[in-house]
Amino acid sequence: DQLRKLRDTLDDRLFVRTSNGVIPTPFAESLQLKVEHIIESIEALLEPETFEPKTVTRTFTLSSTDLEQKVILPQLLRIIRLEAPGVKLSVRKLEIDQITNALLTGEVDLVISNPSFVPSNLPTLNLYPESYTCVASKNNAMVSKKMAISDIAKIPQLVVSPSRGDFVGAANDWFEQQGHPRNVVLSVPTFTAAKACIAESDLCGFIPSRLLPDNDLKVIELDRTIPGFDVIAAWHQRSNQDQLHK
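The opening residue of the sequence shown carries number 96 in the numbering used here; numbering runs sequentially from there.
The following block contains the structure:
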């Protein structure tokens, strides 16, 4: 049936019977090279490309907070310069409300961030665990080295909210669950700004431990441990087979 359909489509018998068996018609023989070329092209398309990092020339755009820029960027740059010297790395601030669109359009290749900033429908990879440390200015007389959650909740606090500028920080829900809502009076876009503001004011805040110690800040030991988080890498599904991501 399939041969008959093909004969009708091509308007040629394609194969004829002889005393020595079945032989192709001249038209069928003329198709052989074309068919072989098509098959070779399909096989080449399906065959994985050999990835040679040292020969890659492209710009890779990364979006993250200043935490990841300080912790990961130096190591990432060292690896890229060694393994893929033709790759240019562009680092942008994290715009949490634009993550999905930026990844979809290719404006950003990879996001490295706290999971709370990343839409849950994106593929992710855990990079390393991070914890929060409560800090205040070394000159802040309102706080002591050890404090209860109920007391620290009354102290004016700041939160880091990249690009959004709201007063919702990573620890807000946790404080609510403990029955002690936070007294948040300042929102800043970066942890660098947070540390500087805490050092020069009566505010306290929760800073990722890898950004400490800081000579201008003192650590406050709390009677309960605030949950930490895993720093993650996130990308769009369209980049799943991108060798540079891997």
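The beta carbon of each residue, even a glycine, is placed where N, CA and C say it ideally should be.
- Runs of the alpha helix (DSSP H) lying entirely within the segment 203-262, each at least 4 residues long, are 244-247 in chain order.
- Beta-bridge annotation (DSSP): LEU317 is paired with MET242.
- Between the segment 241-253 and the segment 302-319, the count of C-beta pairs closer than 8 Å reaches three or more; the two stretches touch.
- Comparing alpha-carbon positions, the option among LEU189, LEU162, THR156, SER296 lying closest to LEU306 turns out to be LEU162.
- Excluding the 5 residues flanking it on each side, PRO284 has same chain C-beta neighbours closer than 8 Å at LYS188, VAL255, SER256, PRO257, SER258, GLY260, in chain order.
- If you draw a straight line from the Cα of LYS313 to the Cα of THR228, it comes to about 10 Å.
- Of the residues assessed, GLY264 falls on the buried side of the cut-off, its CB having 16 or more other CB atoms within 10 angstroms.
- Remark: C-beta atoms of PHE262 and SER232 do not approach each other more closely than 9 Å.
- The DSSP-derived three-state label of PRO303 is strand.
- The DSSP-derived three-state label of PRO119 is strand.
- The shortest C-alpha to C-alpha distance from GLU190 to any of GLY201, VAL206, PRO148, PRO180 is the one to VAL206.
- Secondary structure of ALA289 (DSSP, three-state): helix.
- In the DSSP assignment, ALA329 forms a beta bridge with VAL206, THR219.
- Nearest Cα to GLU178 within the set PRO148, THR152, THR160: PRO148.
- Secondary structure of THR150 (DSSP, three-state): helix.
- Three or more Cβ pairs closer than 8 Å define a contact, and the segment 102-120 falls short of that threshold against the segment 148-157.
- In the three-state reduction of the DSSP assignment, SER114 falls in the coil class.
- The Cβ atoms of PHE301 and THR160 do not sit closer than 9 Å to each other.
- When the beta-carbon positions are compared, ASN221 and PRO251 stay at least 9 Å from each other.
- With 16 or more other Cβ atoms inside 10 Å of its own Cβ, PHE155 counts as buried.
- Less than 9 Å separates the beta-carbon of VAL326 from that of ILE167.
- Of the residues assessed, ASP204 falls on the buried side of the cut-off, its CB having 16 or more other CB atoms within 10 angstroms.
- Contact between LEU184 and LEU199 does not hold, since their C-beta atoms are separated by about 21 Å, which reaches or exceeds 8 Å.
- Sixteen is the threshold: since fewer than 16 other Cβ atoms of the shown chains lie within 10 Å of the Cβ of PRO224, the residue is exposed.
- Note on geometry: alpha-carbon atoms of ARG176 and CYS292 lie some 35 Å from one another.
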